[in-house]
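Protein chains: 2
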Amino acid sequence: MTRYKAIISYDGTAFAGFQTQNNQRTVQEEIEKVLTRLNSHQSVILQGAGRTDSGVHALAQVIHFDLNGVRDVERLRFALDTQTPEDIAFRSVEVVAEDWHARFEPHEKIYEYYLEHSPIRSPFKRHYRAHFRYSLDLDKMRSALTLLMGEHDFTGFTASGSSVEDKVRKISQAELIVLDDENIKFVFRGNGFLYKQIRNMVGTLIKIGNDRMPVSQITKILESKNRKFAGPTAAPEGLFLKEVIYHG
Amino acid sequence: MTRYKAIISYDGTAFAGFQTQNNQRTVQEEIEKVLTRLNSHQSVILQGAGRTDSGVHALAQVIHFDLNGVRDVERLRFALDTQTPEDIAFRSVEVVAEDWHARFEPHEKIYEYYLEHSPIRSPFKRHYRAHFRYSLDLDKMRSALTLLMGEHDFTGFTASGSSVEDKVRKISQAELIVLDDENIKFVFRGNGFLYKQIRNMVGTLIKIGNDRMPVSQITKILESKNRKFAGPTAAPEGLFLKEVIYHG
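Which chain is which? The protein sequence lines are A and B, in order. Numbers 1 to 248, taken from full-length UniProt numbering, label the letters of the first sequence in order. Numbers 1 to 248, taken from full-length UniProt numbering, label the letters of the second sequence in order.
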């Protein structure tokens with residue numbers, strides 16, 4: 001057996017998320033079908049660095065899996081890239097230690113959230129940008145982003161009923177970048193994000209930018225740990241897992 | 001009755017082209033359904049500056065149509081933008097003379113053809129770029145483009161069986177632009193293009209760039225008027241109607 005690490009991209013539009021679910025099309029399942037075929041039909045289970053929800057995209061998700069025998073990594077990458085559906089791409093494949101683990105190796109993740117801020121929604125971006133047609137005060141949103149920086153208990157920004165116990169996470173980057181007259185993006189870097197945390201943060205930031213919540217609402221949500229004080233969950237199509245950065 | 005000119009964008013992916021066809025989803029039909037509703041259910045037929053094929057996109061197609069009564073153009077634009085499906089956008093609407101005609105007013109069209117030239121196809125661009133993974137000599141393609149410039153009989157570049165009689169057209173711009181390491185685009189401006197002409201020109205240019213046809217093949221195709229000498233029809237998803245420029 002050899003363990004491989006792969007970096008993949010996928011367009012989340014037609015997937016019910018990354019992780020296998022009964023009777024739904026998922027990224028994991030589509031890749032495992034091909035891996036199992038390449039593994040002399042012995043079942044292969046892959047592990048991803050993180051899960052992404054239905055409609056959420058990945059520019060560079062990291063996965064690992066074990067295959068029998070020894071293979072040329074570029075030929076393996078090509079086989080996986082061409083045999084998986086066209087909404088999944090294999091960007092790289094490398095051999096790693098047998099105990100290397102995409103999820104448990106210490107890492108940070110970078111997510112980007114793209115928002116088209118214009119009166120007319122572009123038909124070409126409807127699956128790859130959220131859309132907001134009303135006014136946004138970018139300075140207020142930037143002030144709110146600084147309040148999200150650092151180590152906090154993010155319970156107020158996660159979906160209620162989440163089973164994770166420790167909800168303290170550290171955000172080391174929280175930025176708003178103006179791409180052009182009609183497009184902005186948020187960049188979040190951190191040691192982990194809770195279920196729907198980023199989309200709930202973005203939904204709150206949009207409310208603040210539109211002057212329907214004060215900047216101080218961020219502190220209120222963090223301190224109260226109450227999801228009810230946060231804005232709505234922003235649409236999934238704006239969210240991209242940009243990079244997984246392993247330490248060492 | 002008032003005549004309106006509108007500039008629209010559409011993502012061609014899920015359409016069987018612009019023009020109405022029996023039992024197929026087309027841009028024209030989707031818009032006419034909404035126009036007819038807005039016109040007290042009296043049937044409205046629209047005219048477009050040009051037709052685009054199945055899978056071909058438009059950044060700025062121009063159409064005209066007549067509606068009863070007098071309307072505020074921004075309210076009309078908003079109604080059309082929001083009531084048509086999300087793969088169609090209404091960018092602008094204005095009142096024009098009763099005899100103004102999107103197709104018959106003298107005009108030039110600009111088309112752009114996007115090609116992702118990389119070993120790995122991006123999942124996000126699969127509906128908006130053609131893909132070519134093998135080598136391309138851009139200088140040879142540029143030389144071939146200069147041979148396409150000017151007034152020619154483009155019979156050899158159109159689909160055989162086309163019913164148009166006069167196949168002389170004038171190309172005033174034929175350029176190759178490098179967007180980044182993995183993306184190029186072709187820009188074609190002319191007073192009209194024949195059925196599949198641009199995709200057949202691009203298919204030929206790719207053959208020339210990949211050294212499977214000489215640059216002089218362009219002259220051979222133009223002079224012989226024989227479609228058999230041209231390359232294959234390039235994929236529709238790379239093609240965008242960029243702009244329609246009316247004279248005067």
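By construction, the Cβ of each residue, glycine as well, lies at the ideal position given by its N, Cα and C atoms. Quantities reported herein were computed from a predicted structural model and do not represent experimental measurements.
Item, Value
"State buried or exposed for A97/B, treating a residue as buried only when at least 16 other CB atoms are found within 10 Å of its CB.", "exposed"
"Leaving out the 5 sequence neighbours to the left and right, which residues in its chain are closer than 7 Å to K220/A when beta-carbon positions are compared?", "F229"
"Around the Cβ of E200/B, are there at least 16 other Cβ atoms within 10 angstroms (buried) or fewer (exposed)?", "The amino acid at residue 200/B is misidentified as Glu; the sequence shows Asn. Flag for N200/B reads buried."
"Is K167/A near the ligand ADP, going by C-beta to nearest heavy atom under 8 Å?", "Because no ligand of any kind appears in the structure shown, any question about the ligand ADP cannot be addressed here."
"Look up V56/B in the DSSP assignment and say whether it is helix, strand or coil.", "coil"
"Please determine, among V178/B, V164/B, F157/B, the residue with the shortest C-alpha to C-alpha distance to E116/B.", "V178/B"
"Mind listing the chain A neighbours of Y128/B? Cutoff is C-beta to C-beta under 9 Å, in chain order.", "F124"
"Taking the alpha-carbon positions, what's the Q21/B to E30/B distance?", "12 Å"
"Checking the sheet assignment: what are the DSSP bridge partners for Y114/A?", "K185/A"
"Compare the C-alpha of R91/A against each of D66/B, S122/B, K33/B and name the closest.", "S122/B"
"Put A130/B into one of helix, strand or coil per three-state DSSP.", "strand"
"Which residues in the same chain have their Cβ closer than 7 Å to the Cβ of N210/B, if we skip the five residues on either side of it in sequence?", "Y134, S135, L136"
"If you run the structure through DSSP and keep just helix, strand and coil, what is A144/A?", "helix"
"My output table needs one value for A97/B: the three-state DSSP class, helix, strand or coil.", "coil"
"Per DSSP, which residues does Q61/B bridge with? Please list them.", "I8/B"
"From what residue to what residue does the alpha helix (DSSP H) around A79/B run?", "73–83"
"Quick one: using the 10 Å Cβ neighbour count with 16 as the cut-off for buried, is V215/B buried or exposed?", "buried"
"The beta strand (DSSP E) with V168/A in it runs from where to where?", "168–180"
"Beta carbons nearer than 7 Å to chain B: which residues of the segment 67–91 of chain A have them?", "D81, E86, D87, I88, A89, R91"
"Alpha carbons only, please: which of D53/B, A144/B, R77/B, E32/B is nearest the one belonging to L241/B?", "D53/B"
"Mind checking who Y246/A pairs with in its DSSP beta bridge?", "H107/A"
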